[in-house]
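Q: Questions regarding the structure given below will be posed in turn.
There are 2 protein chains.
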Amino acid sequence: MKTFSKPHVAVVGATGAVGTTMLSILEERDFPIASLRLMASERSAGRIVETKWGPIVIEDLATADPSGIDIALFSAGGARSKQYAPKFADAGVAVIDNSSAFRMDDDVPLVVAGVNDAAITSHKGIVANPNCTTMALLMAAGPLHDAAGLKSMIATSYQSVSGSGKTGMDELERQTEFFAEDLSALASGDWEDPGGDLYQRPIAFNVLPLAGSITDQGYTDEEWKLVNETRKILDRQDIAVEPTCVRVPVMVGHGIAASMWFDDPVSADVATEILASAPGVQVWDDSKVPTPIDSAGIDDVLVGRVRETIGFRGGISLFASGDNLRKGAALNAIELAELLLER
Amino acid sequence: MKTFSKPHVAVVGATGAVGTTMLSILEERDFPIASLRLMASERSAGRIVETKWGPIVIEDLATADPSGIDIALFSAGGARSKQYAPKFADAGVAVIDNSSAFRMDDDVPLVVAGVNDAAITSHKGIVANPNCTTMALLMAAGPLHDAAGLKSMIATSYQSVSGSGKTGMDELERQTEFFAEDLSALASGDWEDPGGDLYQRPIAFNVLPLAGSITDQGYTDEEWKLVNETRKILDRQDIAVEPTCVRVPVMVGHGIAASMWFDDPVSADVATEILASAPGVQVWDDSKVPTPIDSAGIDDVLVGRVRETIGFRGGISLFASGDNLRKGAALNAIELAELLLER
Numbered sequence: 001m002k003t004f005s006k007p008h009v010a011v012v013g014a015t016g017a018v019g020t021t022m023l024s025i026l027e028e029r030d031f032p033i034a035s036l037r038l039m040a041s042e043r044s045a046g047r048i049v050e051t052k053w054g055p056i057v058i059e060d061l062a063t064a065d066p067s068g069i070d071i072a073l074f075s076a077g078g079a080r081s082k083q084y085a086p087k088f089a090d091a092g093v094a095v096i097d098n099s100s101a102f103r104m105d106d107d108v109p110l111v112v113a114g115v116n117d118a119a120i121t122s123h124k125g126i127v128a129n130p131n132c133t134t135m136a137l138l139m140a141a142g143p144l145h146d147a148a149g150l151k152s153m154i155a156t157s158y159q160s161v162s163g164s165g166k167t168g169m170d171e172l173e174r175q176t177e178f179f180a181e182d183l184s185a186l187a188s189g190d191w192e193d194p195g196g197d198l199y200q201r202p203i204a205f206n207v208l209p210l211a212g213s214i215t216d217q218g219y220t221d222e223e224w225k226l227v228n229e230t231r232k233i234l235d236r237q238d239i240a241v242e243p244t245c246v247r248v249p250v251m252v253g254h255g256i257a258a259s260m261w262f263d264d265p266v267s268a269d270v271a272t273e274i275l276a277s278a279p280g281v282q283v284w285d286d287s288k289v290p291t292p293i294d295s296a297g298i299d300d301v302l303v304g305r306v307r308e309t310i311g312f313r314g315g316i317s318l319f320a321s322g323d324n325l326r327k328g329a330a331l332n333a334i335e336l337a338e339l340l341l342e343r
Numbered sequence: 344m345k346t347f348s349k350p351h352v353a354v355v356g357a358t359g360a361v362g363t364t365m366l367s368i369l370e371e372r373d374f375p376i377a378s379l380r381l382m383a384s385e386r387s388a389g390r391i392v393e394t395k396w397g398p399i400v401i402e403d404l405a406t407a408d409p410s411g412i413d414i415a416l417f418s419a420g421g422a423r424s425k426q427y428a429p430k431f432a433d434a435g436v437a438v439i440d441n442s443s444a445f446r447m448d449d450d451v452p453l454v455v456a457g458v459n460d461a462a463i464t465s466h467k468g469i470v471a472n473p474n475c476t477t478m479a480l481l482m483a484a485g486p487l488h489d490a491a492g493l494k495s496m497i498a499t500s501y502q503s504v505s506g507s508g509k510t511g512m513d514e515l516e517r518q519t520e521f522f523a524e525d526l527s528a529l530a531s532g533d534w535e536d537p538g539g540d541l542y543q544r545p546i547a548f549n550v551l552p553l554a555g556s557i558t559d560q561g562y563t564d565e566e567w568k569l570v571n572e573t574r575k576i577l578d579r580q581d582i583a584v585e586p587t588c589v590r591v592p593v594m595v596g597h598g599i600a601a602s603m604w605f606d607d608p609v610s611a612d613v614a615t616e617i618l619a620s621a622p623g624v625q626v627w628d629d630s631k632v633p634t635p636i637d638s639a640g641i642d643d644v645l646v647g648r649v650r651e652t653i654g655f656r657g658g659i660s661l662f663a664s665g666d667n668l669r670k671g672a673a674l675n676a677i678e679l680a681e682l683l684l685e686r
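Chains U and C supply the protein sequences, listed in that same order.
Following the working numbering, the numbering of the first sequence begins with 1 at its first residue and continues without gaps.
Following the working numbering, the numbering of the second sequence begins with 344 at its first residue and continues without gaps.
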């Protein structure tokens with residue numbers, strides 16, 4: 001594995017919700033940077049962004065030359081990753097890709113920093129960042145799996161609109177204003193449809209039991225990610241995962257309710273101890289349950305409601321909440337970059 | 344069982360969220376009423392409510408004489424039900440109680456109209472209306488249980504604030520206005536706490552993975568209701584139920600994600616057929632998934648995302664959404680009253 005002490009870094013998709021978060025986290029963490037380049041689509045090219053490393057002109061990804069870049073943090077959507085990440089990798093760049101484009105490729109490690117760090121060493125130019133919902137879940141499931149062997153899991157999500165990018169946040173804001181004019185209409189069912197570009201039904205003051213698009217067997221791509229990414233990250237193909245992904249009217253912060261069963265059943269007390277000592281995890285007790293807005297803007301994933309299952313005995317149920325733009329995306333990408341730095 | 348052709352009716356708790364919904368549903372359904380009395384706490388006593396049956400002065404429940412009432416619809420909270428429902432029953436009134444006070448009493452039938460109607464015949468003065476979340480879930484689980492025998496279920500809720508009454512709706516409205524001033528603060532984590540009377544954390548733009556109060560084994564009273572009421576309504580004590588109850592920023596409409604396993608496994612197609620022909624249920628396909636605001640203001644419970652489980656094979660996963668004030672409370676109570684009417 002190629003490592004770097006002070007790398008030349010590029011952020012690709014620098015103007016998106018995750019890209020801008022990447023920039024602030026690079027600044028916050030004093031990430032050692034020899035030079036920083038920002039890239040985005042043609043639409044944003046030419047714009048100047050003020051950074052800790054001076055003003056930077058956004059380059060057009062389509063024409064940018066990757067030569068000289070050591071690490072590129074990609075968050076420009078799956079299509080652009082598919083098109084440009086291999087080109088960057090061929091030019092010797094270590095690409096950390098936040099899209100789903102390469103996550104299930106056999107020669108691309110899929111890494112939750114703090115959970116399966118060792119997997120990154122096998123990369124051949126591209127490292128994949130897991131899906132934001134998987135990330136929050138795995139921060140809790142990973143340490144428990146290490147201790148007890150995860151056999152099966154039911155996971156039901158409460159995903160914020162920023163998981164759909166800035167468009168999602170704008171849609172929630174606009175629809176909230178629309179409905180706020182007359183909230184009583186929502187109770188009577190006499191509401192007018194505020195319209196929306198992104199979601200098939202209104203998301204403000206509502207929940208949408210469909211995140212992503214239906215792909216196979218009635219499950220969405222988001223749901224299949226929970227299944228397949230969990231198995232790959234925990235390196236166990238026979239983990240049974242039953243997923244339901246639901247969008248909720250929250251700006252930032254993905255919640256996930258999960259029940260898990262293990263090879264060696266653990267008590268709630270033991271599970272709580274394991275989680276409390278896991279890196280990047282805070283356990284909150286029932287007096288201040290972990291909620292999405294409490295997890296927004298912080299690095300740690302919050303876990304609470306840790307309890308022994310009462311149906312299907314022998315398992316653990318819990319609720320986890322994490323900032324989908326930070327640990328769920330930008331922060332984990334930068335933690336992966338840090339794993340690539342010489343120590 | 345005593346039945347009535349045109350009963351003298353009382354609505355107890357007539358000024359609350361459920362009580363006012365009871366009044367509108369009585370009007371909508373042309374419920375045959377000989378006389379209508381409205382009762383509430385001392386605070387509301389003396390107020391005049393305009394109804395289809397003329398203006399009615401609200402009586403103080405504490406001093407009201409139940410004589411002459413045939414059916415009383417109680418939705419005044421558990422404490423008042425405990426205190427006054429037996430007094431009404433002793434006076435010969437058939438009490439339909441929306442609180443949790445008597446639900447688990449052996450001689451009180453717990454009935455979801457359309458699911459276990461026959462149980463009502465055994466009442467001894469008090470019939471209990473199930474919890475709003477149980478109701479939405481059982482409208483889907485009941486018909487499937489009849490066909491295939493429900494063995495076990497994982498249920499994860501998305502409960503609206505009106506489940507906490509008008510206070511919950513006011514709190515969501517006030518906090519929404521508070522946060523709407525600067526939604527970007529929610530993304531950065533730099534938000535000020537809007538304060539709240541009801542919920543331990545803000546509910547606007549957030550989800551709270553704790554609905555009700557923790558009682559036993561780390562589960563809340565709301566969660567235990569899902570377990571115990573399901574078993575009683577479906578008359579099968581060995582059904583395994585793993586519940587998680589979460590409050591969401593929705594005004595009216597409870598959603599619930601559930602995975603169910605049966606004695607005789609059914610396919611998604613068969614399950615969909617069963618649900619589509621069940622009374623009070625609409626099956627919505629993936630092009631218009633069932634959401635809480637779609638279910639607000641209507642009588643039917645919406646069911647969608649019906650699919651065969653991919654983890655723990657052989658089950659059915661689905662999402663149900665129902666108006667917690669209507670089918671989840673007022674409507675079911677009135678349907679139970681209709682069961683008491685002479686046919």
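Ideal Cβ positions, reconstructed from N, Cα and C, are used throughout, including at glycine.
Please report the straight-line C-alpha distance between A211 (chain U) and L339 (chain U), rounded to a whole angstrom.
A: If you take the alpha carbons of A211 (chain U) and L339 (chain U), they lie about 31 Å apart.
Q: Please list the partners that Q518 (chain C) has in chain U, where partner means a Cβ-to-Cβ separation under 8 Å.
A: The contacting residues do not exist; Q518 (chain C) stays about 11 Å from chain U at best.
Q: Taking CB distances under 7 Å as the criterion, tell me whether L618 (chain C) reaches chain U.
A: Chain U contact via Cβ: absent.
Q: Verify the CB distance criterion: does S384 (chain C) have a CB-CB separation below 7 Å to chain U?
A: Chain U, which has no Cβ nearer than 7 Å to the Cβ of S384 (chain C), makes this no.
Q: On the three-state DSSP scale, how would you describe A466 (chain C)?
A: Correcting the residue identity first, residue 466 (chain C) is His in this sequence and not Ala. Of the three classes helix, strand and coil, the one that applies to H466 (chain C) here is coil, per DSSP.
Q: M447 (chain C) to G421 (chain C), Cα distance in whole Å?
A: Computed Cα separation, rounded: 13 Å.
Q: Going by C-alpha distance, which of U:R29, U:L198, U:N129, U:V301 is nearest E229 (chain U)?
A: When each option's Cα is compared against that of E229 (chain U), the closest is U:N129.
Q: Identify the continuous alpha helix (DSSP H) that holds Q159 (chain U) and give its terminal residues.
A: Per DSSP, Q159 (chain U) belongs to no alpha helix (DSSP H) and is neither H nor E.
Q: With M169 (chain U) as the anchor, note down where its alpha helix (DSSP H) starts and where it stops.
A: Element bounds for M169 (chain U): 166-180.
Q: DSSP state of S41 (chain U), grouped into three classes?
A: S41 (chain U): coil per DSSP, three-state reduction.
Q: Give me the Cα-Cα distance between L36 (chain U) and V111 (chain U), rounded to the nearest whole angstrom.
A: The straight-line gap from Cα to Cα measures roughly 24 Å.
Q: Since I believe D581 (chain C) is in contact with A491 (chain C) (beta carbons under 8 Å), could you give me their beta-carbon distance rounded to a whole number of angstroms?
A: With 8 Å as the limit, A491 (chain C) and D581 (chain C) do not qualify as a contact, their Cβ atoms being about 15 Å apart.
Q: If L569 (chain C) and A547 (chain C) are in contact, beta carbons under 8 Å, what's the gap, nearest whole angstrom?
A: L569 (chain C) to A547 (chain C), Cβ: 25 Å. No contact.
Q: Out of U:P143, U:I33, U:Q175, U:V12, point me to the one whose CA is closest to S41 (chain U)'s CA.
A: Closest by alpha carbon: U:V12.
Q: With C-beta atoms as the reference, is S317 (chain U) less than 7 Å away from S277 (chain U)?
A: Result no, Cβ atoms of S317 (chain U) and S277 (chain U) do not sit closer than 7 Å.
Q: Going by DSSP in three states, Y542 (chain C) sits in which element: helix, strand or coil?
A: Residue state, collapsed to three classes: coil.
Q: Around the Cβ of V476 (chain C), are there at least 16 other Cβ atoms within 10 angstroms (buried) or fewer (exposed)?
A: It is Thr, not Val, that sits at residue 476 (chain C) in the sequence shown. Answer is buried; the Cβ neighbour count reaches 16.
Q: Verify the CB distance criterion: does V18 (chain U) have a CB-CB separation below 7 Å to chain C?
A: No - not a single Cβ of chain C is within 7 Å of the one on V18 (chain U).
Q: Would you call the segment 651-671 of chain C and the segment 357-376 of chain C touching, i.e. three or more CB-CB distances under 8 Å?
A: The segment 651-671 of chain C is in contact with the segment 357-376 of chain C.
Q: Please name the residue or residues paired with I497 (chain C) in a DSSP beta bridge.
A: DSSP output for I497 (chain C) lists C:E585, C:S602 as bridge partner(s).
Q: Hey, does D450 (chain C) have any beta-carbon neighbour from chain U nearer than 7 Å?
A: Not closer than 7 Å to any Cβ of chain U, the Cβ of D450 (chain C) fails to qualify, so no.
Q: Taking Cβ positions, are P633 (chain C) and G647 (chain C) nearer each other than 7 Å?
A: Result yes, Cβ atoms of P633 (chain C) and G647 (chain C) sit closer than 7 Å.
Q: Does the distance from the C-beta atom of I376 (chain C) to that of V352 (chain C) stay below 7 Å?
A: Yes; because the gap between Cβ atoms is below 7 Å, this pair is in contact.
Q: Short check: CB of M251 (chain U) to CB of L529 (chain C), under 7 Å?
A: Taking 7 Å as the Cβ cut-off, M251 (chain U) and L529 (chain C) qualify as a contacting pair.
Q: With H, G and I counted as helix, E and B as strand and the rest as coil, what does DSSP make of S102 (chain U)?
A: Inspection of the sequence shows that residue 102 (chain U) is occupied by Phe rather than by Ser. Residue state, collapsed to three classes: coil.
Q: Going by beta carbon distance, what residues of the same chain come within less than 8 Å of L341 (chain U), once the five residues before and after it are set aside?
A: So the qualifying residues of the chain are T3, F4, S5, P7, P32.
Q: Taking DSSP's pairing of strands, which residues face D580 (chain C) in a bridge?
A: One detail in the question is off: residue 580 (chain C) reads as Gln in this sequence, not Asp. Answer is none; Q580 (chain C) lacks a bridge partner.
Q: Which class does L769 (chain C) belong to by DSSP, given the choice of helix, strand or coil?
A: As displayed, chain C neither begins before 344 nor continues past 686, which places residue 769 (chain C) out of reach and without an answer.
Q: Report the three-state DSSP secondary structure of A554 (chain C) (helix, strand or coil).
A: Here A554 (chain C) sits in coil by DSSP.
Q: Check P635 (chain C) in the structure and name its three-state DSSP category.
A: In the structure shown, P635 (chain C) sits in a helix (DSSP, three-state: H, G or I).
Q: Does the beta carbon of A329 (chain U) sit closer than 7 Å to a beta carbon anywhere in chain C?
A: Not an interface residue.
Q: Please list, in chain order, the chain C residues whose beta carbon lies closer than 8 Å to that of G297 (chain U).
A: Near G297 (chain U) (Cβ distances below 8 Å), the residues of chain C are A530, S531, G532, D533.
Q: Does DSSP put L336 (chain U) in a helix, a strand or coil?
A: Reduced to three states, the DSSP call for L336 (chain U) is helix.
Q: Quick check: is the beta carbon of I497 (chain C) nearer than 7 Å to any beta carbon in chain U?
A: So yes, I497 (chain C) belongs to the interface.
Q: Which whole-angstrom value is the C-beta distance of I126 (chain U) and V108 (chain U), which I expect to be below 8 Å?
A: Indeed, because the Cβ distance is near 5 Å, the residues count as touching under 8 Å.
Q: In the structure shown, what three-state DSSP assignment does E535 (chain C) receive?
A: In this structure, E535 (chain C) counts as coil in the three-state DSSP scheme.
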